[in-house]
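Participant: Structure incoming, see below.
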Amino acid sequence: MGLIHLPQFDFEQAAAKGAADKRLRAAVTNNTFRKQQGREIRWREMPDIQAARRLASEIKQHTLEHLDYYLDQLKAAVERNGGKVYFASDGEEARKIIFDIIAKTNSKRIIKSKSMASEEIELTAHLEKAGLDVVETDLGEFIVQVSHDRPSHLVAPIIHKDRGSIATVFSQYFGTPYNDDPPTLTRQARAFLRDRFRRADLGMTGGNFLIAETGQVCVVENEGNARQSLTTPRVLVSLVGIEKLVPRMADLAVMIKMLARSSTGQSMTVYTSIFGGPRKAGEKDGPEEFHLVLLDNGRTEILADPEYREILRCIRCGACLNVCPIFRNIGGHAYGSVYPGPIGALLSPLLGGLENYSDLPQASTLCGACYHACPVKIDIPRHLVSLRRDIIQGRLDGRWERMFYRLWARGMKSPFLYRTIGAIQRWDLRRRAEGKGWISRLPGFAAGWTRIRDLPAPASRSFHQIWKERKTK
Amino acid sequence: MTQPKASAPGPRVALFITCLTDQFFPRVGVAVTKILEHFGCEVFFPREQTCCGQPMFNNGFPVEAGELARRWVEIFKPYEYVVTPSGSCCSMVREHYPQLLDGSDVPGRTYEFVEFLEKVLKVDVSGISLPQSRKVAYHYTCHLRGLGIEPRPPRILREMGNVQMMELERADQCCGFGGTFAVKYPVVSGAIVEDKTDCIARSGAETLVCNDAGCTMNIAGMCRRRGMETRVVHLAELMAEGMGIDLDKW
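Chains as they are written, first to last, in the numbering used here: chain A, 1 to 473; chain B, 1 to 250.
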């Protein structure tokens with residue numbers, strides 16, 4: 001299992017911290033709600049969005065079903081283009097491959113564009129620890145890097161920060177007076193990054209898609225920093241998860257149509273780079289060397305499971321985060337993983353161990369908003385329920401719950417028991433309501449309810465009883 | 001058990017009351033029964049019914065949920081339609097039963113109450129009007145999503161007289177109930193329902209229509225805790241009021 005698990009991470013504590021921060025909740029809610037509206041507008045513009053979702057999910061599912069074939073095809077095509085391909089089974093191996101490339105090419109200055117795979121293996125932190133000069137060039141990731149923070153959203157890494165906190169970070173980092181004017185802050189970062197772009201030896205990217213037939217990587221972005229990373233330095237390294245494959249260029253067209261629309265509410269991102277292999281004779285830019293590092297890090301285990309396989313269809317658009325009531329109210333850091341939100345509640349336990357993330361599948365209302373927002377139709381609530389089943393069956397959690405639900409289920413098989421237990425519960429709760437119609441305090445497990453809100457008192461007679469009267473009349 | 005009669009005039013409908021409505025909001029059941037009868041249905045109440053198994057299913061007990069699903073299908077099999085006032089229990093039956101059972105046509109004949117009135121009975125509600133004008137907001141309960149119902153107030157509510165529809169911000173966002181989730185993760189659930197009740201307060205609505213007992217308990221309980229006056233009702237209750245139906249006797 002490869003996903004890095006934060007030491008001593010406690011979901012309930014982290015969630016409580018997020019929930020207590022009203023500014024954070026308002027910022028995340030407003031920002032994600034705007035993204036949701038953007039996606040809905042773009043989806044409505046499509047002639048048949050449901051057909052497009054089906055097609056996109058079928059393309060990815062097909063690729064996953066034949067991943068070995070397409071990985072071979074990709075490797076051959078990349079090599080034909082003059083690039084090198086590496087398979088890394090986990091984060092450690094991926095980092096070793098990348099460190100070797102850095103050493104062999106004698107690279108001193110590294111520029112990185114945004115990549116979740118790189119976050120997953122904490123690459124930047126490891127490069128920094130080794131004393132290398134590495135800079136994140138995506139504005140959000142740059143802010144994360146200089147403030148020693150963590151991204152809290154797949155697409156918008158600093159969704160948890162407001163401009164005041166960014167201004168403070170910049171003032172400290174650049175040693176300039178505090179100024180929270182966004183254009184000024186952006187210009188400051190731009191001036192700094194332009195210089196880094198010019199002088200970099202090695203550029204790193206992730207990849208939104210890999211095209212098997214042409215051996216190319218596709219990266220979409222809005223800032224132009226990834227374009228810089230893959231055109232300016234003499235060495236280019238792309239680190240991409242093996243599940244990012246699509247078979248053909250024609251399939252890429254479908255996926256690109258879905259990605260920006262679902263993610264940022266754009267019909268297309270400002271930059272779409274499709275690249276692979278070193279600069280050819282006559283080409284004006286591009287690297288001298290191209291290295292493609294394909295990351296497994298637990299993905300083949302998900303792939304081997306027919307039930308969970310479809311989760312690998314994820315294109316990291318973040319649409320599920322943007323509609324999630326939980327994400328909106330606790331923020332991304334509360335998930336304790338680089339993959340937050342609904343898809344994170346699946347990927348984190350599947351990549352990082354269910355025992356390390358057993359709260360995530362359970363801390364969901366199963367409202368289903370994520371499934372209906374997913375461009376590749378991953379049935380997230382269904383998989384959350386399956387992971388809950390795995391927790392129960394693996395006896396990772398909930399000894400009392402096992403007993404409780406089994407007894408409950410048994411009781412519900414008998415109408416007599418159902419009615420009797422119901423009558424006792426109504427009597428008990430009405431007693432606790434003290435004639436006020438509401439209960440403000442409950443003991444034991446049920447205290448979780450009254451800690452937050454009141455409970456309406458049950459009716460004096462159940463519908464079953466009321467119906468009986470009608471029949472006797 | 002009341003057997004459906006072959007000579008019934010309108011559709012023979014079995015009422016699936018659901019646990020929470022049965023215990024907490026039986027008036028909703030009375031309202032549903034009387035409204036369905038008003039629109040020509042013959043209403044039956046199979047008294048063997050208990051729980052549909054949703055809590056077991058959602059919490060990772062598919063075997064136990066499957067046993068309750070098989071029992072449920074047997075009980076409701078004799079009827080033409082099954083109608084329930086709760087969206088989430090309806091979605092349990094229609095969305096999730098198919099993976100627990102080998103082929104039964106009962107889930108396909110099961111409808112949420114409002115959905116049944118609009119899609120199957122196609123009722124005309126133009127004559128229904130509240131005694132006085134009232135500001136009403138509509139809470140879109142999550143499981144309607146799974147049933148393929150749009151996140152906007154149902155036609156019946158929009159067409160009822162003396163109903164002044166108030167806009168609810170982020171109307172499609174969950175209220176934070178989620179069954180045992182509300183008790184197990186009170187802080188997270190609490191933050192979500194706090195947000196929901198903030199939106200309700202800003203909407204200016206006096207009455208919130210919510211067609212699911214779980215969401216109603218959560219939202220109404222939070223309104224009460226925060227000292228808000230908002231009444232949370234089922235659409236059947238509001239309709240009954242507009243139709244002059246007495247819910248205190250048969």
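Beta carbons are placed, not taken as given, at the ideal position from N, Cα and C, and that holds for glycine.
For A:Cys218, which three-state DSSP category applies?
Facilitator: Numbered from 1 along the first sequence, position 218 holds the residue referred to as residue 218 of chain A. In the structure shown, A:Cys218 sits in a strand (DSSP, three-state: E or B).
Participant: For the region 163 to 218 of chain B, list the beta strand (DSSP E) runs that are entirely contained and at least 3 residues long, ordered along the chain.
Facilitator: Entirely contained in the region 163 to 218 of chain B, the beta strand (DSSP E) runs reaching 3 residues are, in chain order, 207 to 210.
Participant: Going by other Cβ atoms of all chains shown within 10 Å of its Cβ, with 16 needed for buried, is A:Asn106 buried or exposed?
Facilitator: Position 106 of the first sequence holds residue 106 of chain A. A:Asn106 should be labelled exposed.
Participant: Threshold first: 3 residues or longer. Then list the beta strand (DSSP E) segments lying entirely within the region 122 to 156 of chain B, N to C.
Facilitator: Runs of the beta strand (DSSP E) inside the region 122 to 156 of chain B: 129 to 139.
Participant: Return the chain-ordered list of same chain residues with a C-beta closer than 7 Å to the C-beta of A:Arg261, the five sequence neighbours on each side being excluded.
Facilitator: Your numbering for residue 261 of chain A matches position 261 in the first sequence. Here the set comprises Arg39, Arg42, Trp43 and Ser267.
Participant: Do the region 411 to 431 of chain A and the region 376 to 387 of chain A meet, that is, are 3 or more Cβ pairs less than 8 Å apart?
Facilitator: No: the two stretches stay apart, fewer than three of their Cβ pairs being nearer than 8 Å.
Participant: Step through the CB atoms of chain B and report whether any lies within less than 8 Å of the CB of A:Leu346.
Facilitator: Start at 1 with the first residue of the first sequence, and residue 346 of chain A comes out as number 346. No, its Cβ sits nowhere closer than 8 Å to a Cβ of chain B.
Participant: Considering just the uninterrupted stretch of the alpha helix (DSSP H) at A:Ser165, what are its terminal residues?
Facilitator: Numbered from 1 along the first sequence, position 165 holds the residue referred to as residue 165 of chain A. Taken as a continuous stretch (DSSP letters only), the alpha helix (DSSP H) holding A:Ser165 covers Arg163 to Phe174.
Participant: Please name the residues in the region 181 to 196 of chain B whose beta-carbon is closer than 7 Å to at least one beta-carbon of chain A, in chain order.
Facilitator: Listed by position along the chain: Phe181, Ala182, Val183, Lys184, Tyr185, Pro186, Val187, Val188, Ser189, Gly190, Ala191, Ile192, Val193 and Asp195.
Participant: What does DSSP give as the partner residues of A:Trp427 in its beta bridges?
Facilitator: By 1-based counting over the first sequence, the position of residue 427 of chain A is 427. In the DSSP output, where bridge partners are listed per residue, A:Trp427 has none listed.
Participant: Between B:Pro11 and the ligand COA, is there a pair consisting of the residue's CB and a ligand heavy atom that are separated by less than 7 Å?
Facilitator: The ligand COA is not part of this structure, which contains no ligands at all.
Participant: Within a Cβ cutoff of 6 Å, which residues of the same chain sit near A:Lys114, ignoring the five residues on either side of it in sequence?
Facilitator: To locate residue 114 of chain A, count along the first sequence from 1; it is residue 114. Closer than 6 Å at the Cβ level, and outside the excluded window around A:Lys114, lie Asp138 and Glu141.
Participant: What is the rounded straight-line gap between the Cα of B:Arg201 and the Cα of B:Cys174?
Facilitator: To locate residue 201 of chain B, count along the second sequence from 1; it is residue 201. To locate residue 174 of chain B, count along the second sequence from 1; it is residue 174. Inspection of the sequence shows that residue 201 of chain B is occupied by Ala rather than by Arg. Going from the Cα of B:Ala201 to the Cα of B:Cys174 covers about 16 Å.
Participant: For chain A, check one thing: does any of its Cβ atoms lie closer than 8 Å to the Cβ of B:Asp172?
Facilitator: Your numbering for residue 172 of chain B matches position 172 in the second sequence. By this cut-off, B:Asp172 is an interface position.
Participant: For B:Glu48 and chain A, any beta-carbon pair shorter than 8 Å?
Facilitator: Indexing the second sequence from 1 puts residue 48 of chain B at position 48. Taking Cβ atoms only, chain A reaches closer than 8 Å to B:Glu48, which makes this a yes.
Participant: Which residues in the same chain as A:Val477 place their Cβ atom closer than 6 Å to its Cβ, once the five residues preceding and following it in sequence are excluded?
Facilitator: Look at the range of chain A in this structure, 1 to 473, and you will see that residue 477 of chain A is not part of it.
Participant: Please check the pair A:Ile392 and B:Phe61, which I expect to be a contact at CB under 8 Å, by giving their CB distance rounded to whole angstroms.
Facilitator: The residue labelled residue 392 of chain A in the question sits at position 392 within the first sequence. The residue labelled residue 61 of chain B in the question sits at position 61 within the second sequence. Confirmed, Cβ separation roughly 7 Å.
Participant: Applying the 10 Å Cβ sphere with the 16-neighbour rule, what's the burial state of A:Ile424?
Facilitator: Taking the first sequence and counting its residues from 1, the one referred to as residue 424 of chain A is at position 424. Burial call: exposed.
Participant: Where does B:Pro9 land, buried or exposed, given buried means 16+ other C-beta within 10 angstroms?
Facilitator: Position 9 of the second sequence, counting from 1, holds the residue named residue 9 of chain B. Result: exposed.
Participant: Roughly how many whole angstroms lie between the Cα atoms of A:Thr232 and A:Ala226?
Facilitator: Here the question's residue 232 of chain A lines up with position 232 in the first sequence. Here the question's residue 226 of chain A lines up with position 226 in the first sequence. The alpha-carbon atoms of A:Thr232 and A:Ala226 are separated by roughly 10 Å.
Participant: Out of curiosity, what's the CA-to-CA distance linking A:Tyr335 and A:Leu366?
Facilitator: Along the first sequence, one-based indexing puts residue 335 of chain A at 335. Along the first sequence, one-based indexing puts residue 366 of chain A at 366. Straight-line Cα distance between these residues: approximately 16 Å.
Participant: Under 8 Å between C-beta atoms, does B:Val153 make it to chain A?
Facilitator: Start at 1 with the first residue of the second sequence, and residue 153 of chain B comes out as number 153. In the sequence as displayed, the identity of residue 153 of chain B is Pro instead of Val. False, the Cβ-Cβ gap to chain A never drops below 8 Å.
Participant: Which residues, taken in chain order from the region 93 to 110 of chain B, show a beta carbon closer than 7 Å to some beta carbon of chain A?
Facilitator: Of all residues in the region 93 to 110 of chain B, none has a Cβ within less than 7 Å of some Cβ in chain A.
Participant: So, at 6 Å on beta carbons, what are the nonlocal neighbours of B:Glu48 in its own chain, with the 5 sequence-adjacent residues on each side left out?
Facilitator: Numbered from 1 along the second sequence, position 48 holds the residue referred to as residue 48 of chain B. Answer for B:Glu48: Ile75, listed in chain order.
Participant: Output the residue ranges of the beta strand (DSSP E) runs that lie fully inside the region 436 to 473 of chain A and measure 3 residues or longer, sorted by chain position.
Facilitator: Here no run is fully enclosed.
Participant: Spell out a yes or no on whether the region 18 to 38 of chain B and the region 462 to 469 of chain A are touching, meaning 3 or more CB-CB pairs, one atom from each, closer than 8 Å.
Facilitator: These segments touch.
Participant: Check for me: the beta strand (DSSP E) holding A:Ile141 runs from which residue to which?
Facilitator: Within the first sequence, the letter at position 141 stands for residue 141 of chain A. Contrary to the premise, residue 141 of chain A reads as Glu rather than Ile in this sequence. First-last for A:Glu141: Leu139 to Val146, but that is the alpha helix (DSSP H), not the beta strand (DSSP E).
Participant: Under 8 Å: do the region 323 to 332 of chain A and the region 11 to 31 of chain A share three or more Cβ pairs, one atom per stretch?
Facilitator: Yes: at least three Cβ pairs fall under 8 Å.
Participant: Which ranges does the alpha helix (DSSP H) cover as unbroken runs of at least 4 residues, wholly within the region 340 to 368 of chain A, from first to last along the chain?
Facilitator: Taking only runs of at least 4 residues, the alpha helix (DSSP H) segments lying wholly in the region 340 to 368 of chain A are 341 to 352 and 359 to 362.
Participant: State the DSSP-derived secondary structure class of A:Val434, mapped to helix, strand or coil.
Facilitator: Residue 434 of chain A sits at position 434 when you count from the first residue of the first sequence. What sits at residue 434 of chain A in the sequence shown is Glu, not Val. The answer is coil: DSSP assigns A:Glu434 none of H, G, I, E or B.
Participant: Can you tell me where the beta strand (DSSP E) holding A:Phe99 begins and where it ends?
Facilitator: Numbered from its first residue, the first sequence carries residue 99 of chain A at position 99. Element bounds for A:Phe99: not the beta strand (DSSP E) but the alpha helix (DSSP H), Gly91 to Lys104.
Participant: Which whole-angstrom value describes the C-beta separation of B:Ala31 and B:Ile219, a residue pair presumed to lie in contact below a C-beta threshold of 8 Å?
Facilitator: Working through the second sequence from its first residue, we reach residue 31 of chain B at position 31. Working through the second sequence from its first residue, we reach residue 219 of chain B at position 219. Between B:Ile219 and B:Ala31 the Cβ distance is about 19 Å, and since that is not below 8 Å, they are no contact.
Participant: What whole-angstrom Cβ distance do B:Lys87 and B:Leu147 have, given they're in contact under 8 Å?
Facilitator: Residue 87 of chain B sits at position 87 when you count from the first residue of the second sequence. Residue 147 of chain B sits at position 147 when you count from the first residue of the second sequence. The amino acid occupying residue 87 of chain B in the given sequence is Gly; Lys does not appear at that position. Contact flag correct, Cβ pair sits at about 7 Å.
Participant: Specify the secondary structure class of B:Val106 as computed by DSSP and reduced to three states.
Facilitator: Residue numbering aside, residue 106 of chain B sits at position 106 when the second sequence is read from its first letter. Coil at B:Val106, not helix or strand.
Participant: Please say whether A:Pro247 and B:Met217 have beta carbons closer to each other than 8 Å?
Facilitator: By one-based count along the second sequence, residue 217 of chain B stands at place 217. By one-based count along the first sequence, residue 247 of chain A stands at place 247. No, the Cβ-Cβ distance between B:Met217 and A:Pro247 is not below 8 Å.
Participant: According to the neighbour-count rule (16 or more other Cβ atoms, all chains shown, within 10 Å of its Cβ), is A:Gly344 buried or exposed?
Facilitator: Numbered from its first residue, the first sequence carries residue 344 of chain A at position 344. When all chains shown are included, A:Gly344 counts as buried.
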